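Reviewing the structure listed below.
There are 2 protein chains.
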Amino acid sequence: MEKLPGRTPGKATSFDIAYRAGVSQPTVSRALRGSPQVSEETRKRILAVAQQLNYTVDKNASNLRFQHSNTLALLIFEDPTSDDSAINPFFVAMLGSVTRACAQRGYDLLVSFQEQAGDWHEQYEDSRRADGLILLGYGDYLQYRVRLERLIAQGTHFVRWGAVEAGQPGLSIGSDNCQGGYDATRHLIALGRRQLAFIGGASRGCPEFLDRYSGFQRALSEASVAVTPELQVDAITTEEAGYAATEELLRRGAPFDAIVGASDLIALGAMHCLQEHHIDVPAQVSVVGFDDIPAAGLANPPLTTIAQNTRRAGEVLVETLLRQIHNDPAQGQVLPTRLVVRRSCGANAQCPVPPHPAARSASR
Amino acid sequence: MEKLPGRTPGKATSFDIAYRAGVSQPTVSRALRGSPQVSEETRKRILAVAQQLNYTVDKNASNLRFQHSNTLALLIFEDPTSDDSAINPFFVAMLGSVTRACAQRGYDLLVSFQEQAGDWHEQYEDSRRADGLILLGYGDYLQYRVRLERLIAQGTHFVRWGAVEAGQPGLSIGSDNCQGGYDATRHLIALGRRQLAFIGGASRGCPEFLDRYSGFQRALSEASVAVTPELQVDAITTEEAGYAATEELLRRGAPFDAIVGASDLIALGAMHCLQEHHIDVPAQVSVVGFDDIPAAGLANPPLTTIAQNTRRAGEVLVETLLRQIHNDPAQGQVLPTRLVVRRSCGANAQCPVPPHPAARSASR
DNA sequence: GAAGGCTCGGCATACGTATTCATGCCTGTT
DNA sequence: AACAGGCATGAATACGTATGCCGAGCCTTC
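As structure tokens, then:
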């Protein structure tokens, strides 16, 4: 069945090029893919025609032939906030980083928000649609464990962002949350704070928060500072939760001179609550967060925080996933964090309030 | 060529299902797609086998057959900031909204950041990879005009987010920037401010900013307030630029009691600069932004701003694009904005400082 | 001068799905 | 009883690309 010579109304195919260039379709394919089997002269002729016709390879056909999609899928698991603008800023940074890492390697990126209630059926579809999956979620993965094992049983390639734990199915990439929590706490202790509160998940399931808390604990015990149970409050990672948790803290009445937030959103909420109660940050209470989201630097005072290396994280996630896809040896990785000192902790104080090392108590 | 009965190591195909169910491949396809031509009994048998084998339709083959991809592409044009975390938060909200709108309609979403220097070649590829394109960019599109016209000539379906202007190639969806600028300015005037500064693009090319500025101008002239050239400063939409522009404003020495920022990032930068110079917001200077990014509500004081309806925007973008793809009549749209009053303007002041209507001058 | 190697390009085919056309069976009607 | 007609399904094919295999020239070499 020979292709008609007339300019097809739709997109040009390799048959159209072949006809115009006076060669066969396979030769066109070979020429465009740079096969050495095609003479330079023929190749040039074909390329000229292809350019003239604005030809591009049909990805669907190409993918079908190659049996892969040249696409990765980023699945973002998030609590159903119902408000679009409330996407966790940290995820956003990851999204940007993953996108660029994919582009660098010539992969397309499919993005999908997985409402927690969402049927995992989509994942299966995605698994045919993409060569591999990147799972991004702050929350605890325990509820997804069944899904993960199903993915593995199905032979789907995937990597997971989150706490790196033994016994978790699949490969995990994550920040060193424990060390981060430790660094943040040590910094506060070095500034003379002795009554430290921790907001966000001393007892909740989210593994990242647990790790950060354990770093917090370690720093305290190393400095021989007592851990006060009244100064531990749970919170999910929203500003509102941080605000509410801080009110709870104030209600309890135990004095504190520093707050470690398990995330920046929590820390920002805490800062607002304190300011609302006319408690000066950092003069009376130091605040430190975790993540280094954009809003952290924009806050007043700018928030001291533990930065996660999102750029590197995206690269490692993509690279690890690709190794897995290509059946190269791959393994989980723990990424270092970095303390970013701004003003909310009381160090670097360009504001008129010097960081007095003396212990303070929170006034109501 | 009959498919071998053995369990193929890779993914199950419709032939595998057919063999197990004792029917032919076309019947499987028909059954799964819900064709009335297949008897209920046969359908049930086929569905059972399909489920048992974890079968899903191969999207590449399906798309090839259907001649479409069931996928939309979101192209984000952004100044090369080199820092991933610096993705414009407004775009992020749009991304979330577009993602959900796509998911609702059963479309996949491909996301790609187009560095300004990036070769538009990618777009062509995308155009085969996706059924349509959503173009998202704050900047001025003039430099892309050639590209846009090329897209049209190529018959590519696309919609553009941005200022809705006559003469722009293609369909545009955008907020009513002019009205937004007007509302923000009127609000400040109603609060008694009379020396209003505008930061961000009175003269630059970005059409959105120009529209916002023209609304600013209209509000001033309606209230018979003079427009002071010394109080207009250009800035791109980053916090640093807003900060720098405000310093320039202070350097010029002309008194002002309010600042309209062409975007929230600019307004936040301005606020920081003022606070750095010990100028109280809102007591001495009111500040209003535009976009209502998450950081606006988190700032101190919380930023009064003009909110764009990102949720609706995503829906309209997707819907319009799909209409275009299906050759239904479609047209550009202007979306209403909404004034969100927080504290940075001086209204709603729960802080001890009442909004004195008396004119103030900025101290250095 | 003939044989072998090398270069280049065409033929056939496969990837997995969805539709058009053809076929056989069953039912109902005169 | 014979035929029309509807119904369920199978056979064939198309979507566009990429590659194994083979054949046709051409050059080299003894």
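Here the protein sequences line up with chains A and B, keeping their order. Under the working numbering, think of the first position of the first sequence as 26, with each following residue one higher. Under the working numbering, think of the first position of the second sequence as 26, with each following residue one higher. In this text, a Cβ means the ideal position worked out from N, Cα and C, and glycines have one as well. Quick caveat, the model's predicted, so the values are computed rather than measured.
For residue i, the three-state DSSP class (helix, strand or coil)
{"i": "A/T262", "result": "coil"}
{"i": "B/V189", "result": "coil"}
{"i": "A/Q62", "result": "coil"}
{"i": "A/T345", "result": "helix"}
{"i": "B/Y44", "result": "helix"}
{"i": "B/L364", "result": "strand"}
{"i": "B/P30", "result": "Because the pLDDT of B/P30 is 49, which lies under 50, any placement of that residue in the model is unreliable, and the question is left without a value."}
{"i": "B/D236", "result": "helix"}
{"i": "B/Y80", "result": "coil"}
{"i": "A/V74", "result": "helix"}
{"i": "B/I350", "result": "helix"}
{"i": "A/G267", "result": "helix"}
{"i": "A/A339", "result": "Per the sequence shown, residue 339 of chain A should be read as Gly rather than Ala. Three-state result, A/G339: helix."}
{"i": "B/T181", "result": "coil"}
{"i": "B/S369", "result": "coil"}
{"i": "A/R385", "result": "Note that A/R385 has pLDDT 33, beneath the 50 cutoff, so the model's placement of it is unreliable and the number below is only indicative. In the structure shown, A/R385 sits in coil (DSSP, three-state: anything other than H, G, I, E or B)."}
Element boundaries [alpha helix (DSSP H), containing residue i]
{"i": "B/E174", "result": "R170 to A178"}
{"i": "B/V53", "result": "Q50 to L57"}
{"i": "A/A292", "result": "D289 to E301"}
{"i": "B/V250", "result": "Here B/V250 belongs to no alpha helix (DSSP H), and DSSP marks it neither H nor E."}
{"i": "B/L89", "result": "K84 to F91"}
{"i": "A/R125", "result": "P114 to Q129"}
{"i": "B/L323", "result": "P319 to L323"}
Listed by chain order, chain B residues near residue i by CB distance under 8 Å
{"i": "A/L293", "result": "L323"}
{"i": "A/F138", "result": "G121, T124, R125 and A128"}
{"i": "A/K36", "result": "R153"}
In DSSP terms, what residue i is bridged to
{"i": "B/S39", "result": "None, per the DSSP bridge assignment."}
{"i": "B/A283", "result": "B/L221 and B/S311"}
{"i": "B/L161", "result": "B/I101 and B/W186"}
{"i": "B/I198", "result": "B/W186 and B/Q358"}
{"i": "B/Q139", "result": "B/F102"}
{"i": "B/Q242", "result": "Per DSSP, none; premise fails for B/Q242."}
{"i": "A/L134", "result": "A/L97"}
{"i": "B/D316", "result": "B/A332"}
{"i": "B/Q257", "result": "B/F223"}
Chain-ordered neighbours of residue i on chain A, where CB pairs are closer than 9 Å
{"i": "B/F223", "result": "The premise fails here: B/F223 is roughly 21 Å from chain A at the closest Cβ pair, so nothing lies under 9 Å."}
{"i": "B/L135", "result": "T96, D133, L134, L135 and V136"}
Start-to-end residues for the beta strand (DSSP E) that takes in residue i
{"i": "A/A98", "result": "T96 to E103"}
{"i": "A/I214", "result": "First-last for A/I214: N202 to A215, but that is the alpha helix (DSSP H), not the beta strand (DSSP E)."}
{"i": "A/A332", "result": "T329 to Q333"}
Residues that residue i contacts on chain A, provided the C-beta gap is smaller than 7 Å
{"i": "B/R367", "result": "Per Cβ cutoff of 7 Å: no residues; B/R367 is ~12 Å from chain A at best."}
{"i": "B/Q300", "result": "N325"}
Contact list for residue i against chain A, beta-carbon separation under 8 Å
{"i": "B/P232", "result": "In chain order: nothing, as chain A lies at least about 23 Å away."}
{"i": "B/L89", "result": "D83, N85, A86 and L89"}
Partner residues on chain B for residue i, Cβ-Cβ distance less than 9 Å
{"i": "A/N334", "result": "What A/N334 touches in chain B: nothing, since even the nearest Cβ is about 10 Å away."}
{"i": "A/S94", "result": "K84 and N85"}
{"i": "A/Q309", "result": "Within chain B, no residue comes near A/Q309; the closest Cβ sits about 16 Å away, beyond 9 Å."}
{"i": "A/E264", "result": "P319, G322 and L323"}
Residues of the stretch 44-62 of chain A whose Cβ lies closer than 7 Å to any Cβ of chain B, in chain order: For the stretch 44-62 of chain A, which is checked against every Cβ of chain B, not one residue is closer than 7 Å.
Residues of the stretch 111-127 of chain B whose Cβ lies closer than 8 Å to any Cβ of chain A, in chain order: Within the stretch 111-127 of chain B, the qualifying residues are A111, I112, P114, V117, A118, L120, G121, S122, T124 and R125.
Residues of the stretch 340-361 of chain A whose Cβ lies closer than 9 Å to any Cβ of chain B, in chain order: Listed in chain order, the positions of the stretch 340-361 of chain A with a beta carbon within less than 9 Å of a beta carbon of chain B would be empty, since no residue qualifies.
Contact residues within the stretch 173-199 of chain A, judged by C-beta distance below 8 Å to chain B: Listed in sequence order: Q179.
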